[in-house]
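The sequence shown begins at 1310 in the numbering used here and counts up one residue at a time.
Note that CB positions come from ideal geometry on N, CA and C, so glycine has one too.
Computed from a predicted structure; not experimentally measured.
Below: the structure, in structure tokens.
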Amino acid sequence: MRLLLLPFCFLFCAGMTLQAQELIPREGEYFCRDAEDWYNRKAITTYLRHIYEGEPEKVLPLADAREGDVEADFVRALAYAYIDETEKSISYVKASLGKEMPFSRYLAGPSKLMQPLVELPGFKALAEKHATPLVHGPMIGNVSGNSATFWCRTDQPRKVQVEVSRDKRFRKTRTVTGRTKTEDGHTAELSVSGLKPGLSYFYRLFIDEQPTEGTYQFTTHPKPGKPGQFSVVFGGGAAYIPWQHYMWSTIQSHRPDALFMLGDNVYIDYPEHPYLQQYCYHRRQSEPHWRKLVAQTPTYAIWDDHDFGDNDEYGTPDPDSPAWKRPVLSLFKRQWVDPGYGDGTGKPGVFFKHSIADVDFFFLDCRYYRQPSEVGAVHEEPLSMLGEAQKAWLKSALLQSNARVKVLISSVPWAFDAKPELEGRIDTWGGYKEERTEIFDFLTKNDIKGVFLLSADRHRSDIWKIKRPNDYPLYEFESSKLTNMHTHKVMPGSEYGYNEKCSFGQLLFDTTGETPEVTYRIINIDNVVVNEFTWRAE
């Protein structure tokens, strides 16, 4: 294993720490740090809802209490637009720009919320001055050994084009053209094929045939089904906490081959209000350090309760109930570049399979079909978190997989002791013990080897060892405190737990030897490796 880690250790020790320090922004002076509720709770989205629903005067004193904060300027600019205080509205737009808020925050919308502001003559003059055809992106995802997909959002419907080349001077390119559309939130996905495995490529984006700023680099995945070495970063719990956004630069310094966002990627909690969902996504997508990361790191995402609905949210076995489920899914799909959404036969969701080299990753949707699990409740039938269609898809995909390593990815912990049972709902697999047993027994019955587990949700990073009768134990790696302020305590049943600072999980895969190995590193926001554990396939 030490031979495997040499290239990774060299990059990390010799160059990456320095690079991270160069990328990490210094603490800004334009954010309120005195209370968790302003950024980490529902305060801002609640204020925006008051504004939209005709109560802007109610919001202004609350925003004024955050004097000097850039997000408070955004709220006040909008509130004053709603009460026709044009000069004050534009003055706060300018104030936010002076505090380095990207103008894209205003152009992105959501249009339903922003209309009174963007129609002001003074705003239109600013829009001409700060012309921003590319509002969000580019973001790369759905990479394979021979293809890649690129996502972007523009300020209005426009022609978009991506050029990909092995040559930084783009003397020989593969080019794909498309259009952003209003019905898709002015987003587009452009897929480029004909690439070669394991090679570095450059790409650039054009809008209306004009080049945008930046040339980006990415690497295609190793040849499908063949042994390889690669790295993945994963985590959840990514509340919008501005002074902790240097986490994205810390992650970028490791140059992972993929980034897995495992839920609570943004905190929304308003499933019946699409304009608030859009606001939360757009706020993240405008963040400069996030943009740099996802422009060059293939990114894949599933959701958890705060992206899907509200705290501890569940769906139903019916794909169309409650009524807000499909719209929430549709909006989610416009924000990411996943390989698929559902089983391909009409059963929707954010579950899909992705492969890198001879490793298969099975991403699960733990919310869309979930039945509520309540403490002390008695049920005639075992409760399901996944729903029958998704569970059938998972079993079929596992049987068809020839990968030497298989990773089952859940947005909530697999280990029953990861979260104590509290009054009300049981939100982890501890509320669905029969279904977890069914899945684990399926592995045993079909002699499926080389499986380990990933999860998120708990605001810390963990290692769990789940023992099984008559079969190998299943190790679970959990990480879900990417940027969150709120912290969950370390549980005594874990093999290891860390919650002192924000952190992420790094997985270093090596399947080139007789026994595949994966090293799980817990790395904190300041780029310190706080723990390392090597898993070997059984």
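Residue i versus residue j: straight-line alpha-carbon distance, rounded
i, j, result
"residue 1493", "residue 1643", "7 Å"
"residue 1630", "residue 1404", "43 Å"
"residue 1417", "residue 1385", "17 Å"
"residue 1407", "residue 1746", "56 Å"
"residue 1402", "residue 1422", "15 Å"
"residue 1582", "residue 1654", "28 Å"
"residue 1359", "residue 1714", "49 Å"
"residue 1365", "residue 1845", "58 Å"
"residue 1503", "residue 1464", "30 Å"
"residue 1567", "residue 1814", "12 Å"
"residue 1799", "residue 1727", "9 Å"
"residue 1636", "residue 1623", "15 Å"
Residues of its chain near residue i, where Cβ-Cβ distance is below 6 Å and the 5 sequence neighbours each way are ignored
i, result
"residue 1619", "1578"
"residue 1648", "1451, 1661, 1663"
"residue 1810", "1833, 1834"
"residue 1696", "1626, 1678"
"residue 1367", "1359"
"residue 1570", "1610"
Residue interval of the alpha helix (DSSP H) (run including residue i)
i, result
"residue 1448", "Residue 1448 -> not in any alpha helix (DSSP H); beta strand (DSSP E) instead, spanning 1443-1450."
"residue 1586", "1583-1594"
"residue 1702", "1697-1709"
"residue 1358", "1352-1361"
"residue 1782", "Segment 1780-1788 is the beta strand (DSSP E) holding residue 1782; no alpha helix (DSSP H) there."
"residue 1834", "Premise fails: residue 1834 is in no alpha helix (DSSP H) and is neither H nor E."
"residue 1742", "1742-1754"
"residue 1561", "1555-1561"
Sheet register partners of residue i (DSSP bridge)
i, result
"residue 1401", "According to DSSP, residue 1401 bridges with nothing at all."
"residue 1279", "Since the first residue shown for the chain is 1310 and the last is 1847, residue 1279 is missing from the structure and cannot be characterised."
"residue 1480", "Bridge partners of residue 1480: none, in fact."
"residue 1460", "1448, 1498"
"residue 1486", "1470"
"residue 1541", "1567, 1816"
"residue 1717", "1671, 1762"
"residue 1827", "1818, 1844"
Where the beta strand (DSSP E) through residue i begins and ends
i, result
"residue 1492", "No beta strand (DSSP E) holds residue 1492; DSSP gives it neither H nor E."
"residue 1571", "No beta strand (DSSP E) contains residue 1571, which DSSP labels as neither H nor E."
"residue 1513", "1509-1516"
"residue 1610", "1608-1610"
"residue 1795", "Run containing residue 1795: none; DSSP gives neither H nor E here."
"residue 1777", "1770-1777"
"residue 1530", "Taken as a continuous stretch (DSSP letters only), residue 1530 belongs to no beta strand (DSSP E), as it is neither H nor E."
Buried/exposed call for residue i, threshold 16 Cβ in 10 Å
i, result
"residue 1380", "buried"
"residue 1498", "buried"
"residue 1335", "Because residue 1335 sits at a pLDDT of 35, beneath the cut-off of 50, its placement in the model cannot be relied upon, and the point is left open."
"residue 1505", "exposed"
"residue 1646", "buried"
"residue 1279", "Absent from the structure is residue 1279, since the part of the chain shown begins at 1310 and ends at 1847."
"residue 1424", "exposed"
"residue 1530", "buried"
"residue 1767", "buried"
"residue 1496", "buried"
"residue 1674", "buried"
"residue 1838", "exposed"
"residue 1817", "buried"
"residue 1684", "exposed"
"residue 1580", "buried"
"residue 1370", "exposed"
"residue 1509", "exposed"
"residue 1709", "exposed"
Own chain residues within Cβ distance below 7 Å of residue i, not counting five before or after
i, result
"residue 1774", "1782, 1784, 1804"
"residue 1535", "1666, 1667"
"residue 1482", "1472, 1473, 1474"
"residue 1431", "1395, 1399"
"residue 1439", "1412"
"residue 1501", "1456, 1457, 1471, 1473, 1483, 1485"
Below-8 Å beta-carbon distance, residue i vs any chain C residue
i, result
"residue 1716", "Absent here is chain C; the protein component of the structure consists of one chain."
Cβ neighbours of residue i in the same chain (closer than 8 Å, five flanking residues each side left out)
i, result
"residue 1513", "1471, 1472, 1479, 1520, 1521, 1523, 1524, 1525"
"residue 1693", "1626, 1678, 1679, 1680, 1700, 1741, 1744"
"residue 1589", "1354, 1549, 1575, 1576, 1577"
"residue 1507", "1454, 1528, 1529, 1530, 1531, 1532, 1537"
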